[in-house]
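K.L.:
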Amino acid sequence: MRRVEGEVVRRLDSRQWRSHGAAEAANVLYVTAARVDRPIFFLGMPRSGTTLVFEVLAAHEALAWLSQHLQRSPRLPMLAALSRLTDVTPRMRRSVSRSDQLRPALERLRIGPVEAYGFWEDCCGEKFRYDYLLGVRARREECDCVRSRI
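Printed below as a string of structure tokens:
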């Protein structure tokens, strides 16, 4: 692991958190310079199980995802780092619940993966929602927009 300007990611192992305490664990900095060559996208018809597969894979610590905070403010790329707080302690992670259930206020503040339609529309426009399966390819500017915010 090495430091790459602009790609510093703070990631604390939960075992370090428990064994050394918050102050000591906060001094541990793991920096990854991994390049994403092939991102994973899930496409499927509504109610086909893609959200379930997404939630299961998003639980894997080696995979990244867009949070509800980045969805609400897609022009603030620094919010992408919030998802790494869930590596510090699992208590920061939002629990998976049914979409028809109300969440308590504290639970809504916790960080969790979402499909982030607002983020994608901000970079790609409405075609992401309606025409993306009709042979439309992403333009260079759209790819750059996504890369700069993740």
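Every number in the numbering used here is 1 more than the matching position in the sequence shown, counting from 1.
No residue lacks a Cβ here, since even glycine has one placed at the ideal position from N, Cα and C.
All values derive from a computational prediction rather than experimental measurement.
For the segment 42–77, list the beta strand (DSSP E) runs that are entirely contained and at least 3 residues long, ordered along the chain.
P.N.:
Listed in chain order, nothing qualifies, since the segment 42–77 has no complete beta strand (DSSP E) run of 3 or more residues.
K.L.:
Taking Cβ to Cβ, would you say P75 is nearer than 7 angstroms to D123?
P.N.:
Against the sequence shown, residue 75 aligns to sequence position 74. Against the sequence shown, residue 123 aligns to sequence position 122. Closer than 7 angstroms, so yes.
K.L.:
Spatial neighbours of R73 within its chain, please: CB distance less than 8 angstroms, with the 5 preceding and 5 following residues excluded, ordered by chain position.
P.N.:
For the purposes of this step, residue 73 is taken as residue 72 along the sequence shown, with counting starting at 1. Cβ within range, chain order: G119.
K.L.:
Which value, in whole angstroms, describes the spacing of the CA atoms of S49 and W66?
P.N.:
For the purposes of this step, residue 49 is identified with residue 48 of the sequence shown, where counting begins at 1. For the purposes of this step, residue 66 is identified with residue 65 of the sequence shown, where counting begins at 1. S49 and W66: Cα-Cα distance of roughly 20 angstroms.
K.L.:
Measure the Cβ-Cβ separation of E143 and C125 and say whether it is below 7 angstroms.
P.N.:
The residue given as residue 143 occupies position 142 in the sequence shown. The residue given as residue 125 occupies position 124 in the sequence shown. Closer than 7 angstroms, so yes.
K.L.:
Starting from S149, trace the alpha helix (DSSP H) both ways and give me its first and last residue.
P.N.:
Locating residue 149 in the sequence shown gives position 148, where the first residue counts as 1. R141 to R150 is the extent of the alpha helix (DSSP H) around S149.
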